[in-house]
Amino acid sequence: MSDRIAQAPLLLKAGIAGLLVLTTIVVAASAQAPTIRVQSSLVLVDVISQDLKSGLPIRDFKKEDFRIFDNRHEVPIATFDAGADTRPIALWLVVICNEGGVVGASAEFMGKESLFRSALDHLEKHDTVGVAHWCDSGETQLDLLPTEDRDSPLRVLAESLKPIPFRGGTFDTDALGEETFRKMIRLIIRDAYQRNPKPLPVIVFLHGDHTGQPRHELDKLVDDFLETSGIVFGIRDNRSAGLLFLLGEQAKIMHYMAKHTGGQYYSAPPPGYAAALDAVLTQLHFRYELGFIPPAIDGKRHELRVELTKEAKEEHKRVRLRFRPEYIPVREEPDWAH
Numbered sequence: 012m013s014d015r016i017a018q019a020p021l022l023l024k025a026g027i028a029g030l031l032v033l034t035t036i037v038v039a040a041s042a043q044a045p046t047i048r049v050q051s052s053l054v055l056v057d058v059i060s061q062d063l064k065s066g067l068p069i070r071d072f073k074k075e076d077f078r079i080f081d082n083r084h085e086v087p088i089a090t091f092d093a094g095a096d097t098r099p100i101a102l103w104l105v106v107i108c109n110e111g112g113v114v115g116a117s118a119e120f121m122g123k124e125s126l127f128r129s130a131l132d133h134l135e136k137h138d139t140v141g142v143a144h145w146c147d148s149g150e151t152q153l154d155l156l157p158t159e160d161r162d163s164p165l166r167v168l169a170e171s172l173k174p175i176p177f178r179g180g181t182f183d184t185d186a187l188g189e190e191t192f193r194k195m196i197r198l199i200i201r202d203a204y205q206r207n208p209k210p211l212p213v214i215v216f217l218h219g220d221h222t223g224q225p226r227h228e229l230d231k232l233v234d235d236f237l238e239t240s241g242i243v244f245g246i247r248d249n250r251s252a253g254l255l256f257l258l259g260e261q262a263k264i265m266h267y268m269a270k271h272t273g274g275q276y277y278s279a280p281p282p283g284y285a286a287a288l289d290a291v292l293t294q295l296h297f298r299y300e301l302g303f304i305p306p307a308i309d310g311k312r313h314e315l316r317v318e319l320t321k322e323a324k325e326e327h328k329r330v331r332l333r334f335r336p337e338y339i340p341v342r343e344e345p346d347w348a349h
């Protein structure tokens, strides 16, 4: 499921002090595209640009440089925001319980929480940070609701990563853990629905993605998360083991969610954790938000495509755009989100 790990250094420059280097990047891949539902007549599409050589976002695109297609028919761009004018982000640091130091899980981040501190300093003023966890034992919790404080998330994350006694590894515990993972994501969705004005929810999994989910359940979960316009990223320790084959399930589920929300998965050694998180924040802070009016509020899946004009492509030949591949125009929010 994963693409080749790129070994080239990535120079990050986000209008912040200092230069950071990201050692390796893992870009997620998948075969099928879930959707985004919208609850109003205006569809917001977050577009992340990236120069394929430098890894840096392209910062000088204008509204007239983009084209949007709904079911392969071009639609007018009604609104356009870029960089600092886009919505604040609600950044969620998400881990699985430390159930005995399982290789490829979140336990590898225990004791290294402070390595993310410098990256959090690069958040914008009104960006917030939350912490959440889930356990194969069935426990899940939003440990810290999104806050503008930059110190408490790391303290709470350290508490969430402390070892807990648990004897798992059975079919029943695996199924319970899968269900609990879905419950946790929906708790984050509910929090996003309750905020006004609504931020852009961004999940960053601190996990090697050594896990799976039933494919139909995962697709429903991605659909639900995309109702918030959310984006998924991940950071894994590059020393963690690869994923085993999981019979009858969609493996590497966090990579899958990242791919279908326009995010990425990063692989780095501990000294590169801050640079990996900075890479995420750089992309988000220099993203573009394009708004358009859907041709019909029909509750059906619509293919969504964003591309550059011919002139913009000529000027930026190595650019890559990431965005959601589909959306569903509906007016109502789900009852469970209230």
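The opening position of the sequence shown corresponds to residue 12 in our numbering, with each subsequent residue numbered one higher. No residue lacks a Cβ here, since even glycine has one placed at the ideal position from N, Cα and C.
Starting from the C-beta of residue i, find all residues in its chain whose C-beta is less than 8 Å away, skip the five residues before and the five after it, and write them out in chain order.
i: His-137; result: Pro-99, Glu-159
i: Asn-109; result: Ala-116, Ser-117, Ala-118, Met-121, Leu-172, Lys-173, Pro-174, Ile-175
i: Val-3; result: The question about residue 3 has no answer here: the residues shown for the chain are numbered 12 through 349.
i: Pro-164; result: Leu-104, Leu-131, Val-140, Gly-141, Val-142, Leu-155, Thr-158
i: Leu-63; result: Arg-329, Val-330, Arg-331
Apart from the five residues on each side of it in sequence, which residues of its chain come closer than 7 Å, Cβ to Cβ, to residue i?
i: Asp-132; result: Arg-161
Residue i by DSSP, collapsed to three states: which one?
i: Asp-92; result: strand
i: His-144; result: strand
i: Leu-187; result: helix
i: Glu-300; result: strand
i: Glu-110; result: coil
i: Asp-289; result: helix
i: Asp-76; result: helix
i: Leu-116; result: For clarity, residue 116 is Ala in the given sequence; the question names Leu instead. Residue state, collapsed to three classes: coil.
i: Arg-98; result: coil
i: Ala-323; result: helix
i: Leu-104; result: strand
Alpha carbon to alpha carbon, how far is residue i from residue j?
i: Cys-146; j: Gly-188; result: 6 Å
i: Val-106; j: Ser-125; result: 15 Å
i: Arg-312; j: Val-58; result: 19 Å
i: Gly-302; j: Leu-217; result: 31 Å
i: Arg-166; j: Ile-304; result: 43 Å
i: Pro-87; j: Glu-337; result: 17 Å
i: Ala-307; j: Ala-285; result: 43 Å
i: Thr-90; j: Asp-230; result: 29 Å
i: Ile-196; j: Arg-226; result: 16 Å
i: Asp-185; j: Phe-297; result: 39 Å
i: Met-265; j: Glu-85; result: 31 Å
i: Thr-97; j: Ser-60; result: 14 Å
i: Gly-273; j: Leu-237; result: 10 Å
i: Phe-192; j: Glu-228; result: 11 Å
i: Lys-321; j: His-327; result: 10 Å
i: Thr-151; j: Ala-169; result: 16 Å
i: Arg-83; j: Val-54; result: 16 Å
Tell me, to the nearest whole angstrom, how far the beta carbon of residue i is from that of residue j; I am working on the premise that it is less than 8 Å.
i: Asp-76; j: Leu-319; result: 6 Å
i: Val-215; j: Ile-246; result: 6 Å
i: Phe-5; j: Ala-287; result: Nothing about residue 5 can be reported from this structure: the residues present for the chain run from 12 to 349 only.
i: Gly-223; j: Gln-261; result: 6 Å
i: Asp-235; j: Lys-263; result: No, Asp-235 and Lys-263 are not in contact; Cβ-Cβ is about 19 Å, not under 8 Å.
i: Pro-281; j: Lys-123; result: 5 Å
Does the beta carbon of residue i fall short of 8 Å from some heavy atom of the ligand NAD?
i: Ala-279; result: Absence of the ligand NAD is noted for the structure shown, with no ligands found whatsoever.
CB-CB under 6 Å to residue i, same chain, minus the five flanking residues each way: which ones, in chain order?
i: Met-268; result: Val-233, Val-243
i: Pro-212; result: Ala-101, Ala-203, Thr-239, Gly-241
i: Gly-141; result: Trp-103, Leu-155, Leu-156, Pro-157
i: Ala-93; result: Tyr-299
i: Leu-198; result: Leu-153
Task: Runs of beta strand (DSSP E) lying entirely within the segment 198-277, each at least 3 residues, in chain order - done: The segment 198-277 contains these whole beta strand (DSSP E) runs: 211-217, 242-248.
- [ ] Any chance you could list the alpha helix (DSSP H) runs of at least 4 consecutive residues sitting entirely within the segment 118-172, in chain order?
- [x] Listed in chain order, they are 128-131, 163-171.
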